[in-house]
Amino acid sequence: GKFDSDSYAVSGGLHGVGISVVNALSTRVEVQIKRDGRLWQQNFNMAVPEELVDAGPAEGTGTRVRFWADGSIFESTEYDFDVVARRLQEMAFLNKGLTITLTDRRSRAEQAAELDAIADSEGRGSDSAPGSDEGSDIEHAVDAEQAFVEGAVETTEPAEPVKVRERKRTFHYPDGLKDYVTAINKSKTAIHQTILYFEGKGTGHEVEVAMQWNSGYSESVHTFANTINTHEGGTHEEGFRAALTSLVNKYARDKKLLKEKDPNLTGDDIREGLAAVISAKISDPQFEGQTKTKLGNTEVKGFIQRQVSEHVGHWFEANPAEARVIVNKGIASSQARVAARKAREMVRRKSATDIGGLPGKLADCRSKDPAKSELYIVEGDSAGGSAKSGRDSMFQAILPLRGKIINVEKPRIDKVLKNTEVQAIITALGTGIHEEFDLE
């Protein structure tokens with residue numbers, strides 16, 4: 001069976017009953033298998049198997065499964081092309097060299113219904129035609145789909161031509177996880193050219209990792225166990241994080257990049273700007289949680305830690321210039337974190353020492369009810385004077401700023417919080433920031 005170690009070293013999936021569940025929840029299932037020079041077909045009607053049919057000779061091998069979801073069970077049986085495409089793209093990334101083709105041959109009416117359903121769920125209308133996608137996007141007449149082997153199997157599709165607007169996407173990534181990381185960093189600037197990549201094997205475990213740091217400030221770490229996207233993380237991610245934090249700190253101290261008096265870098269410091277994909281393969285995976293998206297195998301953490309420490313450590317020693325860039329980014333992140341904490345403390349102290357807790361140029365309103373109050377932020381005293389003369393002082397407050405405020409999108413948080421005008425806005429709002437943020 002699927003979970004017999006003699007059949008598969010590793011298998012994807014959560015429960016081992018996927019096709020059985022599909023059959024139980026479908027009005028019809030058709031399975032066709034080419035093997036040993038023959039084509040075999042078995043159909044299932046309302047989950048009841050029909051006769052196994054030897055449909056004749058066939059070349060090659062392959063399996064084809066078709067199913068029709070039961071509309072009496074599901075609220076909707078419309079399939080979102082983009083959702084399916086994202087999952088298949090993941091599978092192609094995780095299995096380097098594999099080619100997956102997704103083709104949507106539904107009629108234009110069906111496609112329009114899907115788009116309308118998506119638009120309705122987002123609270124907006126849609127009256128546009130379906131958009132194009134990568135690959136084929138050709139409007140044409142298509143005959144009923146040919147059988148798995150030409151003429152060998154009777155098709156259940158209508159014989160009359162059905163006009164469709166075909167959407168097609170093909171996923172093929174020769175470098176697998178490296179291509180995945182490249183895609184994550186597509187709109188970012190990598191701080192080192194080489195993608196750090198390695199594979200490791202143990203008893204009952206395998207791991208494949210690709211990682212690269214960029215100049216951004218957020219991390220993007222994706223973990224998988226037996227090709228299942230573990231959104232909630234788990235022991236494989238814990239092992240990766242622990243090993244990376246320990247390794248980078250040790251390297252930084254060994255190379256004198258961190259001084260004795262300097263505190264260790266935190267995991268968040270080190271992972272700032274990190275794009276990484278961790279794909280673990282486990283002979284007996286244990287998934288946790290209602291959605292089964294968290295890996296629970298305790299032994300996996302130590303295995304991943306050892307693999308990351310060994311391979312990343314070797315990479316650092318073999319690529320000292322790139323390793324130094326990575327460590328320096330972590331140090332800069334640590335310094336910014338400390339500076340940001342000091343800046344927040346300064347903002348709090350300034351708020352407390354201002355008369356009445358308000359910035360000097362704020363023309364406050366009389367209402368003390370935040371739900372009924374408005375704050376208008378204007379540029380300069382001139383605009384502030386005009387706004388003050390035309391406002392309703394019962395519920396409208398005016399805060400003039402000196403010139404253009406700092407663009408807060410790119411600078412680090414410590415630089416943002418040192419800005420006088422930002423401090424004035426924080427004080428005027430009176431909600432506090434970060435851990436002290438409170439709308440009440």
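For the sequence shown, position 402 (counting from the first letter as 1) is numbered 402 according to UniProt numbering, and the numbering increases by one without interruption. Every residue gets a Cβ at the ideal spot worked out from N, C-alpha and C, and that includes glycine. The structure presented is a predicted model; accordingly, all values stated were derived computationally and were not measured.
What do you reckon, is the C-beta of residue i under 8 angstroms from a heavy atom of the ligand GTP?
| i | result |
| --- | --- |
| VAL22 | The ligand GTP is not part of the structure shown, which contains no ligands of any sort. |
On the DSSP bridge list, what partners appear for residue i?
| i | result |
| --- | --- |
| LEU213 | The question names Leu, but residue 213 in the sequence shown is Trp. Paired residues: LEU274. |
| TRP315 | TRP315 pairs with nothing; no bridge assigned. |
| GLN305 | BP columns for GLN305 are empty, so no partner. |
| VAL181 | Beta-bridge pairing links VAL181 to no other residue. |
| ALA363 | ILE398 |
| LEU375 | ALA397 |
| LYS34 | LEU39 and GLY62 |
| GLU206 | LYS201 and LYS281 |
| LYS294 | GLU288 |
| PHE44 | VAL29 and PRO49 |
| ALA252 | Answer is none; ALA252 lacks a bridge partner. |
| GLU380 | According to the sequence provided, residue 380 is Gly. The question's Glu does not apply to it. DSSP lists no partner for GLY380. |
Here's a check: name, in chain order, each residue in its chain whose Cβ is nearer than 8 angstroms to the Cβ of residue i, leaving out the five neighbours to either side.
| i | result |
| --- | --- |
| GLY60 | LYS34 |
| ASN328 | LEU257 |
Would you kindly report the start and end of the unbroken beta strand (DSSP E) that includes residue i?
| i | result |
| --- | --- |
| LEU102 | 99 to 104 |
| ARG168 | Checking the sequence, you will find Lys at residue 168 rather than Arg. Segment 167 to 172, the beta strand (DSSP E) holding LYS168. |
| ASN226 | Note, ASN226: premise wrong, no beta strand (DSSP E); not H, not E. |
| GLY200 | 196 to 202 |
| ARG66 | 62 to 69 |
| ASP54 | 53 to 57 |
Considering only residues of the same chain and omitting the five flanking positions on each side of residue i, which have a CB-CB separation below 7 angstroms?
| i | result |
| --- | --- |
| ASP175 | LYS96 |
| PHE93 | TYR173, GLY176, LEU177, ASP179 and TYR180 |
| GLY432 | ASP438 |
| PHE395 | CYS365, SER367, LYS372, SER373 and GLU374 |
| LEU25 | ALA69, ASP70 and ILE73 |
| ALA363 | LYS388, ALA397 and ILE398 |
Can you find the residues in the same chain that come closer than 6 angstroms, C-beta to C-beta, to residue i, ignoring five residues on each side of it along the sequence?
| i | result |
| --- | --- |
| TYR197 | LYS178 and ALA210 |
| PRO320 | none |
| GLN41 | GLN32, VAL53, ALA55 and VAL153 |
| ALA339 | ASP414 |
| HIS311 | PHE198 |
| GLU421 | LEU401 and ILE405 |
| SER220 | ILE184 and ALA275 |
| GLY384 | VAL378, ILE398 and PRO400 |
Look up residue i in the DSSP assignment and say whether it is helix, strand or coil.
| i | result |
| --- | --- |
| ALA387 | helix |
| SER246 | helix |
| GLY403 | coil |
| SER187 | coil |
| GLY267 | helix |
| SER220 | strand |
| GLY432 | coil |
| GLY233 | coil |
| LYS329 | helix |
| GLY239 | helix |
| PRO411 | coil |
| GLU299 | helix |
At what residues does the alpha helix (DSSP H) containing residue i begin and finish?
| i | result |
| --- | --- |
| GLY18 | 18 to 24 |
| ASP82 | 81 to 94 |
| VAL422 | 420 to 429 |
I'd like to know if residue i contacts chain C, where contact means its C-beta is closer than 9 angstroms to some C-beta of that chain.
| i | result |
| --- | --- |
| ARG253 | Although the question refers to chain C, the structure presented lacks it and comprises just one protein chain. |
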